[in-house]
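Read left to right, the sequence shown gives residues 9 to 583 (my numbering).
Glycine is no exception: its CB is placed at the ideal position from the N, C-alpha and C atoms.
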Amino acid sequence: MELLNSGKIRWVKAILAHLVKCIGGNQEPPEEVQGWARSRTLSMSYTAGSPEHRASIGEIALDYDEINNIPPLPLWTLLAADKESSGAQEEKKDYNELFDNNVIMEESLDNLLDDCEVTCRSERRSSERNVSITHFTPKQGRVLSRLLTHMHLPGLSSLDQMHLLALADTVSTCNTDLAERFAIDAAKSAMVKENLMGQTEEMMTENLDDCGLRFLLAMKHYGYLLRCLPLAQRTQFQKKGVGSNNLAWAFHSESQEELLNLIPSYAKGKPTWPGLRELGVGWWIRNLTLLRQCVQILAKAAYQANEDPMDAALYYLALNKKSLLWGLYRSKRDDRMTSFFSNNFSEDRWRKAALKNAYALLGKQRFEHAAAFFLLAGNLKDAVEICLNRLQDIQLAIIIVRLYKGDSEELMQLLYREILGRDENGENQDITKAHPDPFLRSMALWNLKEYQASLDTLLMGNVGSQHPAHDDEARETKETDPNVFNFYVYLRTHPLLVRQHLASFGKKKVWLPSGRQIVIEEWITPLERQLYFATAHGHFRAGCPALALEVLSKLPYVVADKLKQTSGKCSSYSC
């Protein structure tokens, strides 16, 4: 997963392809389980008269093999995987004699057939030799899935093997480079079946940027695990949802509409709020128009599930569409509720009636319905408090505020208080009360247009000790999170931050003693340098020396303190 999070899809594919070769050779995936079981039956040798050969195919298919060891993949192979060209090189064919009338026709039919057979055999051997190191398609993914069903890899538990299969399923439908697009025929047919909009996933992903593709891979991996994990692990997995480190990539993607359409339930027109919340939709949709479109589809699906207008009330009232709710009750021929929603709730009498119903629903612990009636009464603050304190759902609170008031002061106050540990004016920050998740803090600061602070907060430690989301059992001295490093490297070169740095430089230029001018991306602060080395050390200790080298290869060679000595005018971020 660290390789995948670092964007090294070629390396992941090379390792998985190596695994398939080691445990299964150059097997072709069978079309049916029975056919695979039969191939295993024929490959086994028995002594004459042995009763074992009379065992049924079903009994043999249940065998569970233990693998003692797997030869490691050399480091140079991974490094070579990055140098492979993504497109297959086609051999040039000689067509000079295509229309040549002087071709000798005395060859017999037998000679022609022999030559054809020899040519086909040599081409087959050459194609096997020229298979790419990173050749891992859905075909190989199915082979690995069938093999691991009957094999146990050394050092891995059954749950670990399930995660390995999820990883294989994720990368098998992806080209080897994040900048490339998905183009696999075997995946196309399945994508067409899943998408009711009539578009294949490949067509949608053509417009995805690198940030969007990173989130798409994480979403695919998450979806596979939800389908395959046992119920106990699945429930725990759903509570965590897609990690906030993946949400940060979706947040900075410029193709969020395409990402939204790639969510299977949303593409089918049947999204649920728990499902969207697990994917962090409330965090990463930045465009307000797109958010309104998403919630409208969500409200429609919520009503159609049980044909109860109250299930969609919170969404429609957040959208300020009370008339649609009135129309739903009218279509259900509920005269009592139709009459109630036809009133003008800006009047004090009906506003009090809505508040009375809200408190009654609150007493019945129908929290979403109570929040809807608070919105009906124009009491946004109490509706948000229910989402935060009763439902523990900050994403729902953010969505309600944005839909009801837009990206206004109320949203800023919510982010100040719940994420950044500030007062309602955005001042007097208390780090101990800020959210412990650096990615949520970074997204909140970016929404507030505090771009440099959005980057700096990723390097802050010991944050949120008094925040409700703080994990008391977590280690205080937590190792550097590689996901922080991956996102930090991306964000520090974001055009908005580079533009700010250039503005702070002004007309001043910094030169090295060698006479070469320094580019902003080529120097770092001592704290940033520490992040590089800590991340590389963590990868090396985890048994990923290739990733450690990859991190160190990205290390800028000029430190800000040395720049200060050179120019005499540089600070940690500007000079």
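Judged by DSSP in its simplified three-state form, Val303 adopts helix. Nearest in C-alpha terms to Asn365, of all of Arg374, Phe381, Arg357, is Phe381. A distance below 8 Å between beta-carbons, with the five flanking residues on each side excluded, links Arg294 to the following residues of its chain, in chain order: Phe259, Gln264, Asn455. DSSP places Arg154 in the uninterrupted alpha helix (DSSP H) bounded by 146-157.
Bridge pairing for Trp531: Val566 [DSSP].
Around the beta carbon of Leu298, fewer than 16 other beta carbons sit within 10 angstroms, so the residue counts as exposed.
A direct Cα-to-Cα measurement between Glu418 and Trp19 gives close to 46 Å. Two segments are said to touch when three or more pairs of C-beta atoms, one from each, lie closer than 8 Å; by this definition the region 486-499 touches the region 536-546. Under the three-state reduction of DSSP output, His509 falls in the helix class.
Annotation for Val497: the continuous alpha helix (DSSP H) segment containing it runs 490-499. Between the alpha carbons of Met318 and Leu156 lies a distance of about 47 Å. The beta carbon of Leu332 sits closer than 6 Å to the beta carbons of Tyr324 from its chain, once the five residues preceding and following it are set aside; these are given in chain order. Within the model, the alpha-carbon separation for Glu376 versus Tyr424 is close to 24 Å. Leu267 counts as buried, since at least 16 other C-beta atoms from the protein chains shown sit within 10 angstroms of its C-beta. Assignment of His377 by DSSP, reduced to helix, strand and coil, places it in the helix class. In this structure, the straight-line span from the alpha carbon of Lys21 to that of Ser339 is close to 54 Å. Per DSSP, the continuous alpha helix (DSSP H) segment holding Ile31 begins and ends at 17-32. In the structure shown, the three-state DSSP call for His160 is strand. Selection Ala326, Asp438, His160, Ala320 evaluated against Tyr337 yields Ala320 as nearest (Cα-Cα). Under the 8 Å Cβ criterion, the region 350-365 does not count as touching the region 428-448, having fewer than three qualifying pairs.
Counting C-beta atoms within 10 angstroms of its own C-beta, Gly290 has 16 or more neighbours from the protein chains shown and is therefore classed as buried.
Membership of Thr85 in the alpha helix (DSSP H) is indicated by the continuous run 83-89. Excluding five sequence positions before and after Phe447, the CB atoms of its chain that fall closer than 6 Å to its own CB belong to Ser252, Asn253, Ala256, given in chain order.
Between the alpha carbons of Arg430 and Thr85 lies a distance of about 50 Å. Here Ser261 is actually not in contact with Asp316; their C-beta atoms are around 35 Å apart, not less than 8 Å.
By the 16-neighbour rule on beta-carbons within 10 angstroms, Lys372 is exposed. With respect to Val28, Leu173 sits apart: the two C-beta atoms are not nearer than 8 Å.
In this structure, Thr178 keeps its C-beta atom at 8 Å or more from the C-beta atom of Pro146. In this model, Pro553 and Lys16 are separated by some 13 Å (Cα to Cα). According to the DSSP assignment, Thr346 belongs to the alpha helix (DSSP H) that extends over 343-349. Around the Cβ of Asn76, a 10 Å sphere holds fewer than 16 other Cβ atoms; the residue is exposed. Going by DSSP, Phe353 is part of no alpha helix (DSSP H) at all; its letter is neither H nor E. Across the structure, Pro80 and Ile23 are spaced so that their CA atoms are roughly 9 Å apart.
Bounds of any alpha helix (DSSP H) do not take in Glu262, whose DSSP letter is neither H nor E. Of the residues assessed, Gln400 falls on the exposed side of the cut-off, its CB having fewer than 16 other CB atoms within 10 angstroms.
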